[in-house]
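This report concerns only the one structure given below.
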Amino acid sequence: MPATPDSATVNAAIARAKFEWESTVDALPHVICLLDSGARVVRVNRVVERWNLGSVTEVLGRDLHGLLHGACAAAACPMLTALSVAWEALQDGGPVEFEQRDAVLGRALHIMLRTTPRPAPRGGGGADALAVAVVADYTALHLAREALNTINAELETRVKLRTEALADANRDLQNEIVQRETVEQELRRSRNDQATLSRQLLRAQEKERKRIARELHDSVGQQLSAIKYTLERAELAQQQGRSPDASILPRAIASLQDTLAELRGIAMDLRPPVLDDLGAASAVSWFCRQFAESYPELAVREMVEVADAEVPERLGTAVFRCAQE
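First residue of the sequence shown? That's 56 in our numbering, and the numbers climb one at a time after it.
What follows is the structure in structure tokens.
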């Protein structure tokens, strides 16, 4: 039969196991404690001393809220409320985990509660359920999350602003394209109008040339031909030894005077000197007087209400031509 270990050996083994457990949990960075059925601390590692929550012996018997907040008596303490809800959920049979940003400790905590069955005592009776509470400091992770959220928010804001800027630039570009298309259409219309105006100007020039040619042929040409015929008759009479008719030269001189007057009239119609010497207003007044003399049966009423200096030089010819037309 195997030998039964004596009580000293058992106690040594228990002491060694207890020391190993304490050494292991003391080396962890989290607060680890065992809670009885009343949620009071029955064992805790030495992390509470590093967190300045008190010594290991001082915190024994406190509840988890008292362990973390010391002598906090606030009825509306968020940590107390969260731990109460978690303890009730633990009693319903499931492990509980939650995070709490604690202003008293200045830490972001991750708290986990689990039940651990306890062996039945030798004297009989039911098992007493203990709870294990692990309180981890997630402050660095929480700050990293907040920084990441801030960076994401800033990035989203920048993306939104950049998107809006690109949308504005796109709208401006589209507007510029529309404006350029409008300008191109206006330029094409202007070119078409210019071509039409050029054709009309050529037709007007040809019409004016035909009129001048007709006047020179019908009036000046005929008068010069008549003068030439008269002078040839006088020359023929001299060659034949006869005296030319005394009225030949006066008729020729009178015809020449009429021809010169006709030429001056044609020149005045083309561009009267008064238009260059005085201006458009004086030229229009002169033309009205000439028209009234040429057509006495018509009543000509002159209404020129501007001075020569008030009509720009670039418009003077156009104004005179409009009145003449």
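The beta-carbon is built from N, C-alpha and C at its ideal position, and this holds for glycine as well.
Identify whether M134 lies in helix, strand or coil by the three-state DSSP scheme. Your numbering for residue 134 matches position 79 in the sequence shown. M134 falls in the helix class under three-state DSSP.
For the alpha helix (DSSP H) that L185 lies in, which residues bound it at each end? Position 130 of the sequence shown, counted from the first residue, corresponds to residue 185. No alpha helix (DSSP H) contains L185, which is instead part of the beta strand (DSSP E) from L185 to D192.
Among the candidates A362, V361 and R344, whose CA atom is the shortest distance from the CA of A354? Counting from 1 along the sequence shown, the entry for residue 354 is found at position 299. Closest by alpha carbon: R344.
Just tell me which of A163, V359 and F342 has its CA closest to the CA of E380. Against the sequence shown, residue 380 aligns to sequence position 325. Looking at the Cα atoms, F342 is the closest of the given residues.
To the nearest angstrom, report how far apart P150 and A224 are at their CA atoms. Along the sequence shown, one-based indexing puts residue 150 at 95. Along the sequence shown, one-based indexing puts residue 224 at 169. Straight-line Cα distance between these residues: approximately 56 Å.
Would the beta-carbon of V339 fall within 8 Å of that of V374? Here residue 339 corresponds to residue number 284 of the sequence shown, with the count starting at 1. Here residue 374 corresponds to residue number 319 of the sequence shown, with the count starting at 1. Yes, these two residues count as a Cβ contact at 8 Å.
Please determine, among L203, L123 and L145, the residue with the shortest C-alpha to C-alpha distance to L135. The sequence position of residue 135 within the sequence shown is 80, counting from 1. Among L203, L123 and L145, the Cα nearest to that of L135 is on L123.
Do V159 and C127 have their CB atoms nearer than 8 Å? One-based indexing of the sequence shown puts residue 159 at position 104. One-based indexing of the sequence shown puts residue 127 at position 72. In contact: V159 and C127 (Cβ atoms closer than 8 Å).
In chain order, what residues of the same chain lie with their CB nearer than 6 Å to the CB of G179, ignoring the 5 residues before and after it? Counting from one through the sequence shown, the residue named residue 179 turns up at place 124. Residue confidence for G179 is low, a pLDDT of 45 falling below 50, so the modelled location carries little weight and cannot support an answer.
With a cut-off of 8 Å on the beta carbons, I'd call L168 and A191 a contact; round off their distance for me. Locating residue 168 in the sequence shown gives position 113, counting from the first residue. Locating residue 191 in the sequence shown gives position 136, counting from the first residue. With a Cβ gap of about 12 Å, L168 and A191 do not count as contacting.
Would you report the Cα separation of P133 and S139, rounded to the nearest angstrom? Position 78 of the sequence shown holds residue 133. Position 84 of the sequence shown holds residue 139. Whole-angstrom Cα-Cα distance: 10 Å.
Hey, E317 and Q278 are a contact pair by Cβ (cut 8 Å); roughly how many whole angstroms apart? Taking the first residue of the sequence shown as position 1, residue 317 is located at position 262. Taking the first residue of the sequence shown as position 1, residue 278 is located at position 223. Confirmed, about 7 Å.
Cβ pair H120, R156 closer than 8 Å: In the sequence shown, residue 120 corresponds to position 65, counting from 1. In the sequence shown, residue 156 corresponds to position 101, counting from 1. No, the Cβ-Cβ distance between H120 and R156 is not below 8 Å.
Determine, using beta carbons only, whether L83 and N100 come nearer to each other than 8 Å. Indexing the sequence shown from 1 puts residue 83 at position 28. Indexing the sequence shown from 1 puts residue 100 at position 45. Yes, the Cβ-Cβ distance between L83 and N100 is below 8 Å.
Rounded to a whole number of angstroms, what is the C-alpha to C-alpha distance between V103 and L115? Along the sequence shown, one-based indexing puts residue 103 at 48. Along the sequence shown, one-based indexing puts residue 115 at 60. Each residue's alpha carbon lies about 11 Å from the other.
Alpha helix (DSSP H) segment containing H124, residue limits: Counting from one through the sequence shown, the residue named residue 124 turns up at place 69. Taken as a continuous stretch (DSSP letters only), the alpha helix (DSSP H) holding H124 covers L119 to H124.
Can you grab the Cα-Cα spacing for the pair A309 / I282, in whole Å? Residue mapping note: residue 309 aligns to position 254 of the sequence shown, counting from 1. Residue mapping note: residue 282 aligns to position 227 of the sequence shown, counting from 1. Between A309 and I282, the C-alpha separation is close to 9 Å.
I'd like the span of the alpha helix (DSSP H) that includes D331, first residue to last. Taking the sequence shown and counting its residues from 1, one reaches residue 331 at position 276. Looking at the DSSP string, the run of the alpha helix (DSSP H) that includes D331 is P328 to D332.
Which value, in whole angstroms, describes the spacing of the CA atoms of E152 and A63? Indexing the sequence shown from 1 puts residue 152 at position 97. Indexing the sequence shown from 1 puts residue 63 at position 8. Going by the C-alpha atoms only, they are around 41 Å apart.
To the nearest angstrom, report how far apart R177 and A129 are at their CA atoms. By one-based count along the sequence shown, residue 177 stands at place 122. By one-based count along the sequence shown, residue 129 stands at place 74. A caution first: R177 carries a pLDDT of 49, below 50, which makes its placement in the model too unreliable to give a value.
Residue from S298, A335 and Y350 with nearest C-alpha to A362: The count along the sequence shown starts at 1 and reaches residue 362 at position 307. The shortest Cα separation from A362 among S298, A335 and Y350 belongs to A335.
Pick out whichever of A364, T237, L311 and H85 has its Cα sitting closest to the Cα of L286. Taking the first residue of the sequence shown as position 1, residue 286 is located at position 231. The option with the nearest alpha carbon to L286 is L311.
Whose C-beta lies closer than 7 Å to the C-beta of A307 among residues of the same chain, with five residues either side of it excluded? Looking up residue 307 in the sequence shown gives position 252. Once the five neighbours on either side are set aside, the close Cβ partners of A307 are I282, T285 and L286.
Pick helix, strand or coil for Q234, following the three-state DSSP scheme. Stepping through the sequence shown from its first residue, residue 234 is reached at position 179. Looking at Q234 - three-state DSSP - the assignment turns out to be helix.
I'd like to confirm the pairing. Which residues does DSSP put opposite H165 in its beta bridges? Position 110 of the sequence shown, counting from 1, holds the residue named residue 165. DSSP output for H165 lists E154 and A191 as bridge partner(s).
According to the neighbour-count rule (16 or more other Cβ atoms, all chains shown, within 10 Å of its Cβ), is I166 buried or exposed? Within the sequence shown, numbered from 1, the residue matching residue 166 stands at position 111. Looking at its Cβ environment, which holds 16 or more other Cβ atoms inside 10 Å, I166 is buried.
With 16 other CB atoms within 10 Å as the buried threshold, where does R356 fall? For the purposes of this step, residue 356 is taken as the residue at position 301 of the sequence shown. Under this definition R356 is an exposed residue.
What is the residue span of the beta strand (DSSP E) that V96 lies within? The residue you call residue 96 lines up with position 41 of the sequence shown. Segment V96 to V99, the beta strand (DSSP E) holding V96.
Can the beta-carbon of L90 be found less than 8 Å from the beta-carbon of A199? Here the question's residue 90 lines up with position 35 in the sequence shown. Here the question's residue 199 lines up with position 144 in the sequence shown. Not in contact: L90 and A199 (Cβ atoms no closer than 8 Å).
Three-state secondary structure (DSSP) at C343? In the sequence shown, counting from the first residue as 1, residue 343 sits at position 288. Three-state result, C343: helix.
Does the separation of the CB atoms of T194 and R217 fall below 8 Å? In the sequence shown, counting from the first residue as 1, residue 194 sits at position 139. In the sequence shown, counting from the first residue as 1, residue 217 sits at position 162. Contact: no.
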